[in-house]
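Residue numbers (this note's numbering): 22 to 362.
Even for Gly, the Cβ is constructed at its ideal location relative to N, Cα and C.
Everything numeric in this text was worked out from a predicted model, so none of it was measured.
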């Protein structure tokens with residue numbers, strides 16, 4: 022039976038001209054119902070979204086940022102809201118001056134001279150290989166202000182980072198860039214680059230700027246190696262001198278302290294002896310005032326007690342024509358020698 026087959030009314034219908042209704046209009050209600058069910062299903066399916074771990078969802082409503090959702094299950098208005106998910110925990114790494122071809126081992130690299138060669142303040146060329154690490158801290162600002170497509174926003178970040186480093190390096194001389202200025206250059210580049218990204222409202226946070234390899238031009242590498250060797254020798258001698266000083270200074274300080282202690286002891290003894298001598302003289306003065314003769318005799322006896330053992334005994338005999346001296350100690354020694362024989 023075709024869809025254009027006519028409908029035959031029942032016998033109970035009143036007599037008169039017959040009403041013929043196409044069956045296709047009867048099936049229209051079913052199509053409408055199916056379309057309604059399909060529309061409801063699509064709306065229900067598009068009314069929720071899931072944000073994975075480490076990612077945040079930027080919700081746009083009618084083309085404008087409405088909210089930023091954290092990880093988990095969320096709901097949105099069907100047909101009005103759209104969601105862009107941005108990984109905010111991943112730390113991205115860009116290499117400048119070289120590219121890693123194969124992580125190895127052994128690792129293989131490819132040089133990019135256009136990025137590594139830089140002009141410094143004394144109009145010389147230096148080659149710098151460095152690494153930039155960053156992550157997305159504000160997903161809404163990143164989605165709105167950074168060009169879409171990874172290739173496009175990678176080029177933007179590379180251009181800004183390279184210009185920031187070149188600006189910092191251009192204010193240094195060759196010796197500073199190659200030796201003691203690396204840490205300062207890294208810090209200043211990170212601060213300058215971060216300030217530039219904040220002014221552009223990119224929503225990107227710089228994690229680290231690391232200078233991997235800093236080399237002079239090929240023409241001066243031999244001379245620079247000699248300078249580095251001389252500098253290393255100077256530092257070695259300085260360390261040796263400091264070590265010798267650290268050993269000698271405590272020793273000298275200890276010797277000085279010992280001499281100071283000895284002088285203090287000598288001073289104390291001399292003061293005590295002088296005070297005792299002064300007290301003795303004061304006591305003799307008082308004794309002399311009481312009995313001068315007794316004191317003089319006592320002093321004479323005291324002095325002779327120390328003197329007598331050191332004196333030599335001599336007998337003096339007058340024989341009229343001359344004086345004979347008889348050293349008693351020698352005579353006694355001669356007598357003792359004769360007894361021995």
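- By the Cβ-count criterion, residue 321 is exposed, with fewer than 16 other Cβ atoms from all chains shown falling within 10 Å of its own Cβ.
- Nearest neighbour of residue 132 by Cα position, chosen from 233, 271, 301, turns out to be 233.
- Counting every other CB atom within 10 Å of its CB across the protein chains shown gives residue 325 a total below 16, marking it as exposed.
- Contact check between the region 174-188 and the region 137-157: three or more CB pairs, one atom from each, fall below 8 Å, which counts as touching.
- The shortest C-alpha to C-alpha distance from residue 231 to any of 250, 217, 205, 252 is the one to 205.
- If you ignore the 5 residues before and after residue 154, its C-beta comes within less than 6 Å of the C-beta of 112, 114, 228, 229, all in its own chain and listed in chain order.
- Inter-residue distance for residue 93 and residue 123 is about 37 Å (C-alpha atoms, whole angstroms).
- The beta carbon of residue 109 is closer than 8 Å to those of 75, 76, 77, 156, 157, 158, 160 in its chain, skipping five residues each way along the sequence.
- If you compare the alpha carbons of 130, 225, 278, 198 with that of residue 175, the shortest gap goes to 225.
- Looking at the DSSP output, residue 154 shares a beta bridge with 114, 229.
- For residue 237, the number of other beta carbons within 10 angstroms of its own is at least 16, and it is reported as buried.
- Cβ contact annotation for residue 168 (same chain, cutoff 8 Å, sequence separation greater than five): 174, 177, in chain order.
- Per DSSP, residue 96 is one residue of the beta strand (DSSP E) stretching across 93-96.
- Using a Cβ distance threshold of 8 Å, residue 99 and residue 68 count as a contacting pair.
- Excluding the 5 residues flanking it on each side, residue 143 has same chain C-beta neighbours closer than 7 Å at 194, 195, in chain order.
- Straight-line measurement puts the Cα of residue 294 at about 20 Å from the Cα of residue 323.
- Beyond the five residues adjoining it in sequence on each side, residue 101 comes within less than 8 Å, by CB distance, of 82, 83 in the same chain, given in chain order.
- Only exposed fits residue 305, as fewer than 16 other CB atoms lie within 10 angstroms of its CB.
- For residue 299, the uninterrupted alpha helix (DSSP H) segment begins and ends at 242-311.
- The DSSP-derived three-state label of residue 71 is strand.
- Inter-residue distance for residue 287 and residue 269 is about 27 Å (C-alpha atoms, whole angstroms).
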